[in-house]
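Asks:
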Amino acid sequence: MSCPVRGTRFETALPTRVLEHTRSVIESSWAASTLSKHKSGLASFHRWCDSYAVPPDRRLPADEPLLCAFAASFAGRQQRTTVQNALSAVRAWHITHDQPWHGSLRLAYTLRGVDNLAPPHEPARLPVSARMIEILAEELDASSGLDACVLATASCSLWGQLRLGEALSPWARSFQRSAIPSVASLGSPSTEDDSRPLTLPWTKTSKAEGAVVMICRQTGTSDPISCLDTHLALNRLPADAPLFSYRSEGRLQCLTRKHFLVVVNRIWASHGFPRVSGHSFRIGGTTELLLRGVNPDIVKMMGRWRSDAFLRYWRFVEGLIPLHAERLGPIKAFFASLHTAVGARP
């Protein structure tokens with residue numbers, strides 16, 4: 003819904019096309035996935051305004067009493083982060099339209115109240131595991147271009163600790179070359195086991211600087227290298243095509259996050275797994291590597307974690323603690339035997 007907006011003195015002297023171009027450039031500062039959330043959040047704000055018959059010219063730009071009332075409407079129903087996301091969408095509108103943001107002290111206290119009145123947190127989502135990728139390999143059609151693409155995406159996202167937004171296009175028929183990897187982004191094998199570097203042109207943290215991740219060979223059917231080889235051979239993708247795309251009736255289609263999650267959740271649901279989100283792959287890869295005894299510093303580097311915050315994603319604590327703590331006895335025995343052996347030397 004559009005609302006009448008009084009532009010700044012400088013803006014009113016400029017042609018409309020110049021102002022629209024400026025707003026378009028400003029919107030490019032956000033990722034496509036964030037813009038999608040802004041659209042949803044702004045729609046939620048307008049629906050709430052409709053329910054209270056708030057006139058269009060009183061909605062945007064929004065004064066603080068209106069912002070507080072909107073935020074307070076979530077109290078007892080949603081977590082604070084959900085409310086902040088909705089407010090971020092409204093704030094983004096103010097930024098792109100060069101309007102002052104009136105969220106101040108009163109709004110901060112409203113959010114604190116929403117936080118205190120929030121319902122209990124839902125249980126943490128299950129991280130994706132290597133076994134779950136193996137189930138996909140068993141259930142998906144090995145001769146289907148779409149299924150081969152889905153399996154390659156799932157395996158690479160797990161073992162590469164990828165965010166889905168860094169790998170998949172939001173649109174089925176188009177993609178931004180500056181945002182997601184193409185086939186050419188996949189480097190040549192760099193080890194005897196054919197592990198390969200993957201250049202991400204854009205990431206959530208480094209933005210346009212991108213990053214390079216290693217897609218490492220693994221054992222079993224969750225191996226991302228084998229999955230990639232099958233996917234690329236079956237779909238016959240040109241070098242400039244999105245890495246995670248497939249052929250449907252001869253036409254190239256980008257695998258979208260939404261389509262991908264629908265496919266994998268349908269299969270996993272039939273095996274009794276709860277629904278997973280996109281983030282489940284990244285935290286699942288982190289957890290899987292830690293459970294297999296990979297040094298946390300290496301896991302941190304592989305996952306491009308900028309701090310030790312990734313440690314809070316150790317989902318299977320009951321598995322991780324014994325993995326390390328139960329080794330204390332054998333290691334102590336090992337050093338005792340070593341000491342005996344050294345002492346026995348002439």
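Take the sequence shown: its letters are residues 3 to 348, numbered as in our numbering. Yeah, the Cβ is synthetic: ideal placement off N, Cα and C, and Gly gets one too. Values in this document were obtained by computation on a predicted structure and should not be read as measured data.
In angstroms with no decimal places, state the Cα-to-Cα distance between E211 and I227.
Replies: Each residue's Cα considered, the two are about 25 angstroms apart.
Asks: Since I believe S171 is in contact with T84 (beta carbons under 8 angstroms), could you give me their beta-carbon distance rounded to a whole number of angstroms?
Replies: Actually they do not touch by this definition, with Cβ atoms about 26 angstroms apart.
Asks: H40 and W103: beta carbons closer than 9 angstroms?
Replies: Cβ atoms of H40 and W103: not closer than 9 angstroms.
Asks: Please return the same chain residues whose Cβ sits closer than 8 angstroms to the Cβ of K206, not counting the five positions on each side in sequence.
Replies: Result list for K206: A33, R165, G167 and E168, in chain order.
Asks: Cutting at 7 angstroms between CB atoms, please list the residues of its own chain near D149, excluding the five before and the five after it.
Replies: Hits under 7 angstroms: L142 and D143.
Asks: May I have the straight-line CA-CA distance separating M303 from W204, to the nearest angstrom?
Replies: M303 and W204: Cα-Cα distance of roughly 17 angstroms.
Asks: What residue range does the beta strand (DSSP E) around R165 cover?
Replies: No beta strand (DSSP E) contains R165, which DSSP labels as neither H nor E.
Asks: Checking 9 angstroms against the spacing of the C-beta atoms, do G147 and L200 come in under that value?
Replies: No.
Asks: Taking the DSSP output, what are the residues bridged to I135?
Replies: I135 pairs with nothing; no bridge assigned.
Asks: For N237, does the count of other Cβ atoms within 10 angstroms reach 16, so buried, or fall short, so exposed?
Replies: With 16 or more other Cβ atoms within 10 Å, it is buried.
Asks: Thinking V185 and P240 are a contact (beta carbons under 8 angstroms), I'd like their distance in whole angstroms, please.
Replies: The Cβ separation is near 7 angstroms, so the contact holds.
Asks: So who's on the other strand from Y54, going by DSSP bridges?
Replies: None; Y54 has no bridge partner.
Asks: Just the C-alpha distance for N297 and R82, rounded to the nearest angstrom, thanks.
Replies: Taking the straight line joining both Cα atoms gives about 34 angstroms.
Asks: Answer yes if the region 182–197 comes into contact with the region 259–266, meaning at least three C-beta pairs across the two stretches below 8 angstroms, and no otherwise.
Replies: No: fewer than three Cβ pairs fall under 8 angstroms.
Asks: For S38, which three-state DSSP category applies?
Replies: Reduced to three states, the DSSP call for S38 is helix.
Asks: Could you check the C-alpha separation between V214 and G280 for me, to the nearest Å?
Replies: When rounded, the distance between both Cα atoms is 20 angstroms.
Asks: Quick one: is G305 buried, meaning 16 or more other Cβ sit within 10 Å of its Cβ, or exposed?
Replies: Buried is the call here.
Asks: By the DSSP assignment, the alpha helix (DSSP H) with I28 in it spans what residues?
Replies: Looking at the DSSP string, the run of the alpha helix (DSSP H) that includes I28 is T18 to E29.
Asks: Hey, C158 and C229: beta-carbon distance below 9 angstroms or not?
Replies: Yes. Within cutoff.
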